[in-house]
Amino acid sequence: TISKDNPLLTFQFEEYLVMKAKQVNKSLDEALPLQHPVKIHEAMRYSLLAGGKRVRPILCIASCELVGGDESLAMPMACAVEMIHTASLIHDDLPCMDNDDLRRGMPTNHKAFGEETAVLAGDALLCLAFEHIAFRTRNVSPDRVVRAIAELSSAIGSQGLVAGQIMDLESEGKEVSLSELEYIHVHKTAKLLEACLVCGAIMGGGNDADIERVRKYARCIGLLFQVVDDILDVTKSSKELGKTAGKDLVSNKATYPKLMGIEKAKKFASDLMIQAVQELAYFDAARATPLYHLAYYIANREN
Ligand code: GRG
Numbered sequence: 048t049i050s051k052d053n054p055l056l057t058f059q060f061e062e063y064l065v066m067k068a069k070q071v072n073k074s075l076d077e078a079l080p081l082q083h084p085v086k087i088h089e090a091m092r093y094s095l096l097a098g099g100k101r102v103r104p105i106l107c108i109a110s111c112e113l114v115g116g117d118e119s120l121a122m123p124m125a126c127a128v129e130m131i132h133t134a135s136l137i138h139d140d141l142p143c144m145d146n147d148d149l150r151r152g153m154p155t156n157h158k159a160f161g162e163e164t165a166v167l168a169g170d171a172l173l174c175l176a177f178e179h180i181a182f183r184t185r186n187v188s189p190d191r192v193v194r195a196i197a198e199l200s201s202a203i204g205s206q207g208l209v210a211g212q213i214m215d216l217e218s219e220g221k222e223v224s225l226s227e228l229e230y231i232h233v234h235k236t237a238k239l240l241e242a243c244l245v246c247g248a249i250m251g252g253g254n255d256a257d258i259e260r261v262r263k264y265a266r267c268i269g270l271l272f273q274v275v276d277d278i279l280d281v282t283k284s285s286k287e288l289g290k291t292a293g294k295d296l297v298s299n300k301a302t303y304p305k306l307m308g309i310e311k312a313k314k315f316a317s318d319l320m321i322q323a324v325q326e327l328a329y330f331d332a333a334r335a336t337p338l339y340h341l342a343y344y345i346a347n348r349e350n
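If you're matching positions, the sequence shown starts at 48 in the UniProt record's numbering and goes up one per residue.
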C-alpha cells in the first residue's frame, strides 16, 4: 500500500510546472536582451518569449534534479534547448516548409517580420543556444559540458531533427508505413526530448548508469509525446468538426491513429507511459516524482 506521505501523492505537480516555467521564462528573457541590431533581436524575442509549454527545459531541469544536481547547473542548457526548439519552429513555419500563419496563437515569425528576418532569427537562435551553454554554465566540469554539447548537437543535425524533417517533407502525399512514420517522429520530436533529459543528467552530475537509465525513460517519453500529438490532432479536429473522423484521418498526413486506428494508438500511448515510469524505479522516489508526473502529463495533455 502507498502511505499518504508518499511523495507521489503529496507532490503539487501543477505548482511545480508553473514555478519551473516561470524560472525558465525569466532566464530566457535575460539570455536575450533587446540590443543592436534591434530588428533581429526583436524577431528572436518575439518567438522565444511567445509562451509555449516549456516542456523541454522542464524535462532538462527535472533530470538534473533526479541525479541530485541543483537546478542552476542545468539552467543554461534548459534555455538552450528551448532556443533550439523555437528555431526549429520558426523554420518549420516558413512558406518553403509548412507555410503556417499561426504559431502559439500568434502570427508566425515570417508573418510578423518577413521571411528573410525569420530565417535569420532561426539561425541566430540556434547559434545563441550553444553560445549560451558555453558562456553561462557554472560549476560543471568542462568534459561534462562538451559531452552535453555533443549529445545535443547530434540530436538536432542531419542524424536528428533535420533528418526527421527531410523525411517528413519527402513523404508528403505518399503512402507511409508504420516504420517510416516512426523514423520521422523519433527524429523530429523524440531525439531532442531525449537530449533534453540526457543533457540534464550530464549537467547534474549523473554517472554513466544514471545517464543511460534516463535515456531509456527519455526514449519512451519522446515517442509518447508524438503519439499523443497525433491523437490530439484527431480528437481536436473531430470536436471542431463535430464528426467522428478528424482532419488527419482524411488528409494525406500519416499519423498513428490513421495507421493503427485510434484505440490501438491510445493503447500504444498508455504502454509507453507505463514503460517510461518503470524506468524511474531505480532512482530515489522523491527525486523521481516530477518525472513520474511529467510522463503522466505528457500522456494526458490536451494541447
Ligand atoms: C533549426 C535545428 C533546426 C532544425 C530545422 C525545421 C526543422 C529543421 C525541424 C522541424 C521540427 C519540428 C517542427 C518538429 C515538431 C516538434 C513538435 C512536436 C512541436 C510541438 O512542440 P510543443 O507541443 O510546442 O512542445 P510548444 O509551443 O508548447 O513549445
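The C-beta atom is built at its ideal place from N, Cα and C for all residues, glycine as well. In this text the structure is predicted, and so the values were computed from the model without any measurement.
Practice prompt. Could you check the C-alpha separation between Ala125 and Ala323 for me, to the nearest Å?
Written response: For the purposes of this step, residue 125 is taken as residue 78 along the sequence shown, with counting starting at 1. For the purposes of this step, residue 323 is taken as residue 276 along the sequence shown, with counting starting at 1. Here the C-alpha atom of Ala125 lies approximately 21 Å from the C-alpha atom of Ala323.
Worksheet entry | Rounded separation between Ile196 and Phe177 - CA only | Residue mapping note: residue 196 aligns to position 149 of the sequence shown, counting from 1. Residue mapping note: residue 177 aligns to position 130 of the sequence shown, counting from 1. When rounded, the separation of the alpha-carbon atoms in Ile196 and Phe177 is 7 Å.
Practice prompt. Could you give the DSSP three-state label for Asp144: helix, strand or coil?
Written response: Locating residue 144 in the sequence shown gives position 97, counting from the first residue. In the sequence on display, residue 144 carries Met and not Asp. Secondary structure of Met144 (DSSP, three-state): coil.
Item to complete: Can you tell me the Cβ-Cβ gap for Glu227 and Gly269, rounded? I've got them flagged as a contact below 8 Å.
Response: Numbered from its first residue, the sequence shown carries residue 227 at position 180. Numbered from its first residue, the sequence shown carries residue 269 at position 222. Rounded, the Cβ-Cβ distance is 17 Å, inconsistent with contact.
Item to complete: Please report how far the alpha carbon of Arg92 lies from the alpha carbon of Ser50, in whole angstroms.
Response: Residue 92 sits at position 45 when you count from the first residue of the sequence shown. Residue 50 sits at position 3 when you count from the first residue of the sequence shown. Going from the Cα of Arg92 to the Cα of Ser50 covers about 46 Å.
Practice prompt. Tell me the start and end of each unbroken alpha helix (DSSP H) in the segment 198-252 that is at least 4 residues and wholly inside, in chain order.
Written response: Listed in chain order, the complete alpha helix (DSSP H) runs (minimum 4 residues) inside the segment 198-252 are 208-218, 225-232, 238-250.
Worksheet item: Just checking, does the segment 105-112 make contact with the segment 181-191 on the three C-beta pairs under 8 Å criterion?
Response: Look at the beta carbons and you see the segment 105-112 not touching the segment 181-191: under three pairs across the two are nearer than 8 Å.
Worksheet item: Would the C-beta of Met214 count as close to the ligand GRG, meaning under 7 Å from any of its heavy atoms?
Response: For this step, residue 214 is matched to residue 167 along the sequence shown. No, Cβ of Met214 sits at least 7 Å from all heavy atoms of the ligand GRG.
Worksheet item: Can you tell which of Val85, Asn350, Glu129 has the C-alpha that lies nearest to the C-alpha of Ser74?
Response: Sequence index remark: in the sequence shown, residue 74 carries index 27 (1-based). The option with the nearest alpha carbon to Ser74 is Glu129.
Worksheet entry | Cβ-based neighbour list, His232, same chain, cut-off 6 Å, excluding 5 preceding and 5 following | Walking along the sequence shown from the start, residue 232 turns up at place 185. Within the same chain, His232 has close Cβ partners Gln273.
Item to complete: Within its chain, find whatever has a CB closer than 6 Å to the CB of Ala301; leave out the 5 residues flanking it on each side and keep chain order.
Response: To locate residue 301, count along the sequence shown from 1; it is residue 254. Non-local C-beta neighbours of Ala301 in its own chain, meaning closer than 6 Å and more than five positions away in sequence, comprise Val223, Leu228, ordered along the chain.
Worksheet item: Among Gln325, Tyr343, Arg194, Ala127, which has the Cα closest to the Cα of Tyr264?
Response: Taking the sequence shown and counting its residues from 1, one reaches residue 264 at position 217. Residue Gln325 is the option with its Cα nearest to Tyr264.
Fill in: Opening and closing residue of the alpha helix (DSSP H) in which Asp170 lies
For the purposes of this step, residue 170 is taken as the residue at position 123 of the sequence shown. Membership of Asp170 in the alpha helix (DSSP H) is indicated by the continuous run 162-183.
Worksheet item: In terms of residues, what are the limits of the alpha helix (DSSP H) holding Glu349?
Response: Position 302 of the sequence shown, counting from 1, holds the residue named residue 349. That residue, Glu349, is in no alpha helix (DSSP H); it is neither H nor E in DSSP.
Discussion item. Would you say the beta carbon of Lys311 is closer than 7 Å to some non-hydrogen atom of the ligand GRG?
Written reply: Residue 311 sits at position 264 when you count from the first residue of the sequence shown. No, the beta carbon of Lys311 sits no closer than 7 Å to any heavy atom of the ligand GRG.
Worksheet item: Rounded to the nearest angstrom, how far is the Cβ of Leu341 from that of Leu106, given a contact under 8 Å?
Response: For the purposes of this step, residue 341 is taken as the residue at position 294 of the sequence shown. For the purposes of this step, residue 106 is taken as the residue at position 59 of the sequence shown. By a beta-carbon distance limit of 8 Å, Leu341 contacts Leu106. Their separation comes to about 6 Å.
Discussion item. Please determine whether the Cβ atom of Asp276 lies at a distance below 7 Å from any heavy atom of the ligand GRG.
Written reply: Along the sequence shown, read from residue 1 onward, the residue named residue 276 stands at position 229. It does: the Cβ of Asp276 is within 7 Å (strictly closer) of some heavy atom of the ligand GRG.
Practice prompt. Could you say if the segment 85-105 and the segment 57-72 meet the contact criterion of at least three C-beta pairs nearer than 8 Å?
Written response: Touching, per the Cβ criterion.
Worksheet item: Helix, strand or coil: how does DSSP classify Leu149 here?
Response: Taking the sequence shown and counting its residues from 1, the one referred to as residue 149 is at position 102. Here DSSP, grouped into helix, strand and coil, assigns Leu149 to strand.
Worksheet entry | Boundaries (first-last residue) of the alpha helix (DSSP H) holding Glu89 | Here the question's residue 89 lines up with position 42 in the sequence shown. Element bounds for Glu89: 85-95.
Item to complete: Measure how close the beta-carbons of Leu239 and Ile278 come, nearest whole angstrom, since I'm counting them as under 8 Å.
Response: As a working note, residue 239 is residue 192 in the sequence shown. As a working note, residue 278 is residue 231 in the sequence shown. Contact doesn't hold; Cβ gap of about 20 Å is too wide.
Item to complete: Would you give the residue range spanned by the alpha helix (DSSP H) that Arg101 belongs to?
Response: The sequence position of residue 101 within the sequence shown is 54, counting from 1. In the DSSP annotation of this structure, Arg101 is not part of any alpha helix (DSSP H), being labelled neither H nor E.
Discussion item. Just to confirm my understanding: we take Ala121, look at its own chain, exclude 5 residues before and 5 after, and list those with CB closer than 7 Å. What are they?
Written reply: If you number the sequence shown from 1, residue 121 lands on position 74. For Ala121, where only same-chain residues beyond five positions count, the Cβ hits under 7 Å are Cys107, Ile108, Cys111, Gly247, Met250, Gly251.
Worksheet entry | Nonlocal neighbours in the same chain, by C-beta distance under 7 Å from Pro154, ignoring five residues either side | Counting from one through the sequence shown, the residue named residue 154 turns up at place 107. For Pro154, where only same-chain residues beyond five positions count, the Cβ hits under 7 Å are Asp148.
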